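Peer 1: As given, the protein sequences belong to chains A, B, C and D, one line each in that order.
Quick note, the first sequence lines up with residues 4 to 212 if you use this note's numbering.
Quick note, the second sequence lines up with residues 4 to 212 if you use this note's numbering.
Quick note, the third sequence lines up with residues 4 to 212 if you use this note's numbering.
Quick note, the fourth sequence lines up with residues 4 to 212 if you use this note's numbering.
Please read through the structure below; I'll follow up with questions.
Protein chains: 4
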Amino acid sequence: MPKITETKREERRQQILDAALRCFSRDGFHATTTADIVRESGLSQGALYLYFATKDDIVVALADDRHQGEVFLNALAKSEQDPVQGLLLLIELYGRGLTDQRRIEMRRVGIQGWAEALRNPRIHDSVLQGFSSVRAAIAELIRRGQATGQIRPDVEPDAAARTMIAVFQGLVLQLAWGEDMDLAACGTLIRGMIRNTLFTDAVRAAESA
Amino acid sequence: MPKITETKREERRQQILDAALRCFSRDGFHATTTADIVRESGLSQGALYLYFATKDDIVVALADDRHQGEVFLNALAKSEQDPVQGLLLLIELYGRGLTDQRRIEMRRVGIQGWAEALRNPRIHDSVLQGFSSVRAAIAELIRRGQATGQIRPDVEPDAAARTMIAVFQGLVLQLAWGEDMDLAACGTLIRGMIRNTLFTDAVRAAESA
Amino acid sequence: MPKITETKREERRQQILDAALRCFSRDGFHATTTADIVRESGLSQGALYLYFATKDDIVVALADDRHQGEVFLNALAKSEQDPVQGLLLLIELYGRGLTDQRRIEMRRVGIQGWAEALRNPRIHDSVLQGFSSVRAAIAELIRRGQATGQIRPDVEPDAAARTMIAVFQGLVLQLAWGEDMDLAACGTLIRGMIRNTLFTDAVRAAESA
Amino acid sequence: MPKITETKREERRQQILDAALRCFSRDGFHATTTADIVRESGLSQGALYLYFATKDDIVVALADDRHQGEVFLNALAKSEQDPVQGLLLLIELYGRGLTDQRRIEMRRVGIQGWAEALRNPRIHDSVLQGFSSVRAAIAELIRRGQATGQIRPDVEPDAAARTMIAVFQGLVLQLAWGEDMDLAACGTLIRGMIRNTLFTDAVRAAESA
DNA sequence: TATGAATGAGACTTCATTCAT
DNA sequence: AATGAATGAAGTCTCATTCAT
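The structure is reproduced here in structure tokens:
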């Protein structure tokens, strides 16, 4: 029976992860020292190791945490009765996420995770798991749309899902670089691309109406 | 007055960069030690510092090197008389580059450069310079296409350019992660998106013919 | 006024010492952490410090504990009327102790104490006190034997005592190393050496009879 | 081709081992820090790791070094034509070694090696190898002595060798503890024991003559 | 120019001990 | 008395960079 409650424990853990997120966002995984995280979190050097066995575990925990949001969005989209509306909802939500100022740090760390995934197997697994769940959710929506005749049958669901995600990945990257871009115009363009390329003429006609 | 010829010097420099590329691709910038590069290059520890003042300079030099190819592609696309053909050529060339097995290491290092650009100003400048030149080249083609009436006037050239690049960035990333994907299907989809969304009906009709 | 009885307190203390003995035997003093002892004893980290002020005190307490057995053996030997029989009894008892499987851990820790005594004054005092008491007991027996004419007068009691103890120290060491040795043969040899070198011809003749 | 000669390299290595010996003798293996060794050796922290991969390697190297002398003594004893003279020579040499003031530190470290051998397999192997070679050399001398009729046939060579070594181990220990002992008396006693117990009457008679 | 040994600051992690509950 | 979370000093080892040869 732990002396501190599970809630308190989770709170401390989050405190460390928050501090780490800020540090990693600013300096990157490797240039961030455990001392930095300690300083940022207000805990002691030793306390860090009561919650995470190694610095690497903190990185992995952050990568794993990122899935939570994605899982939620996927579930939301899948719950839509109409697959086409589900797709548009997903685009809408991810697009809105792009501009959320509170997630700047998460996105910056996410990008570092992409790079880290190339050489750190644990990060690779974590990042790929998140990616795959989104890809599968989108592909599933597309398949359902094809079944209902709303989405063109010649569209390859998996390739389309990957391509859609790719656009967002690229935009996340460009935004993180501090590029001053017209996100609204990009959004319009992307929605146009999806409509023009995935949806059948009947759906497009109905939408215009 | 250097005792070795400029040619010889450039040769050594390249030898170091080649070794660094292999190391960085395998282990990342930070996990690669100068000793690793020395071992991989066959030079001596001291020799490294005759050609690069710091390890960071090697990273920057590699980032700068990456532009060479992009500059060439952009020039090629711009030299096309017909902007629509120029755009399609660019897509074709970049798409082909995706599958070039000889550039696996460069792409892996490139992704690390994306992340590094978030915190290292010199890398940021280098990466952004390359990115901006491509973006400008594409936007310019789009503007020319709008002038000739081949590309829809409501398309925002810069946003479109960014979005097109974003797709490729995302695909590069997914490929580097080792994903087994149907690149041909992605290519078809992307070309379809471009045609459906950027080109005017007249151009699309002419193409179909 | 302590809330727990003195008996209970002593019980806990012994519980810690037992755990420490197992840990020290396995890993040595220095590689054993207080956390190891806590884990092995089933107590809590804080409880340890209710019974011992420092880790060092545990080591010292274990060293002190070792004397108990020796004190008993010495007393037993001294109580013998016949010094020669006392000597032989001592050899017999110590020799039997060598093969006692229940004391493997004590012997291993004892050897570590020998080394620790070289640098830790408290251990030095503890170990030396135990050693000296045995040495004095043996020397005393020898002196008594010389007084009765059973032991050769040219034997130096203290040197003989040290030498006898030395043999056992060496054998303890070799045994602890896991050496597979013929202890019976060693015993025969040692008894032979004692007889041949310490005892007068009269005693030897009497024994043979 | 190393820049520094093999001689110079060996010199530095020895410089570190000498410093380590002093530190280990004074503070023990575990209480000695690499910083201590660095300070004592006059080298830099990094230099240490050019010659030894880990602190543990230094400990092992010191343990291994100890064999050199033993190998020499064994060879010397074996080269004796007369096994009995060989045995007495060995006792003489080891006994003299006991009082060599220059080897105080080596003996102190050696004792720590005994303890360390109980838990560190590399040290165990190193220490046991040294021990075994001496034991084998003595047992071989005894066997040769039995073949020539100089040593009693009922003596178990291996047990006798172990017992002889045991005496020296115990005396080394007692000396290291700082005990003020009459080594000459011990020597006389030991020689007496060997003569009285191992040698046949013929040999003893010849010696007395 | 070229070598590679040397440097030393600093990183991660452990652990004896304390203290609020 | 008892708990176990918290502390922070200290230890081992790495590595970018320098410098004598």
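We put the beta carbon where it would ideally sit given N, CA and C, even for glycine.
From a predicted model like this one, the values you see are computed outputs, not experimental measurements.
1) Alpha carbon to alpha carbon, how far is Gly173(A) from Thr151(B)? Give it in angstroms, no decimals.
2) If we define contact as Cβ-Cβ less than 7 Å, is Val170(B) a contact residue for chain A?
3) Is there a Cβ of chain A sitting closer than 7 Å to that of Thr200(B), yes or no?
4) Please decide whether Ala162(D) counts as near chain C, where near means a Cβ-Cβ distance under 7 Å.
5) Does any residue of chain D have a CB that is nearer than 7 Å to the CB of Gln132(C)?
6) Buried or exposed for Tyr97(C), please, with buried defined as at least 16 other CB atoms from any protein chain shown within 10 angstroms of its CB.
7) Does the structure place the region 135 to 153 of chain D close enough to the region 78 to 87 of chain D that three or more beta carbon pairs sit under 8 Å?
8) Determine, for Ile145(B), whether the minimum Cβ-Cβ distance to residues of chain A falls below 7 Å.
9) Name the chain C residues that come within less than 7 Å of Cys189(D), Cβ to Cβ?
10) Residues of the region 87 to 106 of chain C with a CB closer than 9 Å to any CB of chain D: list them in chain order, please.
11) With Leu24(C) and Met109(C) assumed to form a contact (beta carbons below 8 Å), what rounded beta-carbon distance in angstroms separates them?
12) May I have the straight-line CA-CA distance separating Leu176(D) from Leu46(D), to the nearest angstrom?
13) Return the Cβ separation of Arg111(A) and Leu121(B) in integer angstroms, given the expectation that the two are a contact with Cβ distance under 8 Å.
14) Does DSSP put Phe171(A) in a helix, in a strand, or in coil?
15) Output the boundary residues of the alpha helix (DSSP H) element that contains Gly190(A).
16) Please list the residues of the region 49 to 75 of chain C that have a C-beta atom closer than 9 Å to any C-beta atom in chain D, keeping them in chain order.
17) Does chain B have any CB closer than 7 Å to the CB of Met184(A)?
18) Whose CA, out of Ser136(C), Pro160(C), Ala66(C) and Arg138(C), lies closest to the CA of Arg146(C)?
19) Kindly list, in the order they appear in chain A, the residues whose Cβ is closer than 8 Å to that of Leu1(B).
20) Kindly say whether Arg15(D), judged by its beta-carbon, lies nearer than 7 Å to any beta-carbon of chain C.
21) DSSP puts Ile154(D) in a beta bridge; with which residues?
22) Against chain B, with Cβ distances strictly below 7 Å, would Gln115(A) count as a contact?
23) Buried or exposed: Glu2(D), going by 16 or more other Cβ atoms within 10 Å of its Cβ?
24) Unbroken alpha helix (DSSP H) runs of length 4 or more, entirely within the region 34 to 106 of chain A: which are they?
25) Tell me the rounded alpha-carbon separation between Glu43(C) and Phe134(C).
26) Indicate whether Val63(C) and Arg125(C) have their beta-carbon atoms separated by less than 7 Å.
27) With a threshold of 7 Å between beta-carbons, can Ala212(A) be considered close to chain B, or not?
28) In whole angstroms, what is the alpha-carbon distance linking Ile7(A) and Leu20(A)?
29) Using alpha carbons as the reference points, say which of Leu201(C), Ile197(C) and His33(C) lies closest to Ile61(C).
30) Is there contact here, the region 74 to 84 of chain B with the region 67 to 84 of chain A, by at least three beta-carbon pairs under 8 Å?
31) Determine, using beta carbons only, whether Leu219(D) comes closer than 7 Å to chain C.
32) What does Ala208(C) reach in chain D if we use C-beta pairs closer than 7 Å?
33) Any beta carbon of chain C sitting closer than 7 Å to that of Arg111(D)?
34) What residues in its chain sit with their C-beta under 6 Å from that of Ile40(B), if we drop five residues either side in the sequence?
35) Arg12(C) versus chain D: which residues are under 8 Å apart at the beta carbon?
36) For Leu79(C), would you say it is in contact with chain D, using Cβ-to-Cβ distances shorter than 7 Å as the test?
Peer 2: With the structure as the only source:
1) Within the second sequence, residue 151(B) is the residue found at index 148, counting from 1. Within the first sequence, residue 173(A) is the residue found at index 170, counting from 1. Each residue's Cα considered, the two are about 29 Å apart.
2) What you label residue 170(B) is simply residue 167 of the second sequence in a count that begins at 1. True, the Cβ-Cβ gap to chain A drops below 7 Å.
3) Indexing the second sequence from 1 puts residue 200(B) at position 197. Answer yes: the Cβ-Cβ gap between Thr200(B) and chain A drops below 7 Å somewhere.
4) In the fourth sequence, residue 162(D) corresponds to position 159, counting from 1. Chain C contact via Cβ: present.
5) Within the third sequence, the letter at position 129 stands for residue 132(C). No, no contact with chain D.
6) Within the third sequence, numbered from 1, the residue matching residue 97(C) stands at position 94. Flag for Tyr97(C) reads buried.
7) yes
8) On the second sequence, residue 145(B) is found 142 positions in, with the first residue counted as 1. No, its Cβ sits nowhere closer than 7 Å to a Cβ of chain A.
9) Residue mapping note: residue 189(D) aligns to position 186 of the fourth sequence, counting from 1. Near Cys189(D) (Cβ distances below 7 Å), the residues of chain C are Ala162, Arg165 and Thr166.
10) none
11) Numbered from its first residue, the third sequence carries residue 24(C) at position 21. Numbered from its first residue, the third sequence carries residue 109(C) at position 106. Right, the Cβ-Cβ distance comes to about 7 Å (below 8 Å), so this counts as a contact.
12) Locating residue 176(D) in the fourth sequence gives position 173, counting from the first residue. Locating residue 46(D) in the fourth sequence gives position 43, counting from the first residue. Whole-angstrom Cα-Cα distance: 32 Å.
13) Along the first sequence, one-based indexing puts residue 111(A) at 108. Along the second sequence, one-based indexing puts residue 121(B) at 118. Right, their Cβ atoms sit about 5 Å apart.
14) Translated into positions along the first sequence, residue 171(A) becomes position 168. Helix, per DSSP.
15) As a working note, residue 190(A) is residue 187 in the first sequence. Looking at the DSSP string, the run of the alpha helix (DSSP H) that includes Gly190(A) is Leu186 to Leu201.
16) none
17) Counting from 1 along the first sequence, the entry for residue 184(A) is found at position 181. At least one chain B Cβ lies under 7 Å of Met184(A).
18) The sequence position of residue 146(C) within the third sequence is 143, counting from 1. Selected option, being the one with the closest Cα: Pro160(C).
19) The first residue shown for chain B is 4 and the last is 212, placing residue 1(B) beyond what the model contains.
20) Locating residue 15(D) in the fourth sequence gives position 12, counting from the first residue. No, Arg15(D) lies away from the interface with chain C (no Cβ there is under 7 Å from its Cβ).
21) For the purposes of this step, residue 154(D) is identified with residue 151 of the fourth sequence, where counting begins at 1. Ile154(D) pairs with Phe202(D).
22) Counting from 1 along the first sequence, the entry for residue 115(A) is found at position 112. So, interface residue.
23) Residue 2(D) lies beyond the stretch modelled for chain D, which goes from 4 to 212, so this question has no answer here.
24) 37 to 44, 48 to 54, 58 to 82 and 86 to 102
25) Start at 1 with the first residue of the third sequence, and residue 43(C) comes out as number 40. Start at 1 with the first residue of the third sequence, and residue 134(C) comes out as number 131. Answer to the nearest angstrom: the Cα atoms are 30 Å apart.
26) For the purposes of this step, residue 63(C) is identified with residue 60 of the third sequence, where counting begins at 1. For the purposes of this step, residue 125(C) is identified with residue 122 of the third sequence, where counting begins at 1. Yes, they are a contact pair.
27) Residue 212(A) sits at position 209 when you count from the first residue of the first sequence. Answer no: the Cβ-Cβ gap between Ala212(A) and chain B never drops below 7 Å.
28) The residue labelled residue 7(A) in the question sits at position 4 within the first sequence. The residue labelled residue 20(A) in the question sits at position 17 within the first sequence. So the two alpha carbons sit approximately 19 Å from each other.
29) As a working mapping, residue 61(C) is identified with position 58 in the third sequence. Per the Cα distances, His33(C).
30) no
31) Because chain D in this structure spans residues 4 to 212, residue 219(D) falls outside the shown range and cannot be described.
32) Locating residue 208(C) in the third sequence gives position 205, where the first residue counts as 1. Going along chain D, no residue has its Cβ under 7 Å from Ala208(C), so there is no contact; the nearest lies around 15 Å.
33) Looking up residue 111(D) in the fourth sequence gives position 108. So yes, Arg111(D) belongs to the interface.
34) In the second sequence, residue 40(B) corresponds to position 37, counting from 1. Answer for Ile40(B): Ala22, Ala23 and Cys26, listed in chain order.
35) Translated into positions along the third sequence, residue 12(C) becomes position 9. Those do not exist, as Arg12(C) stays about 31 Å from chain D at its closest Cβ, beyond 8 Å.
36) The residue given as residue 79(C) occupies position 76 in the third sequence. No, Leu79(C) lies away from the interface with chain D (no Cβ there is under 7 Å from its Cβ).
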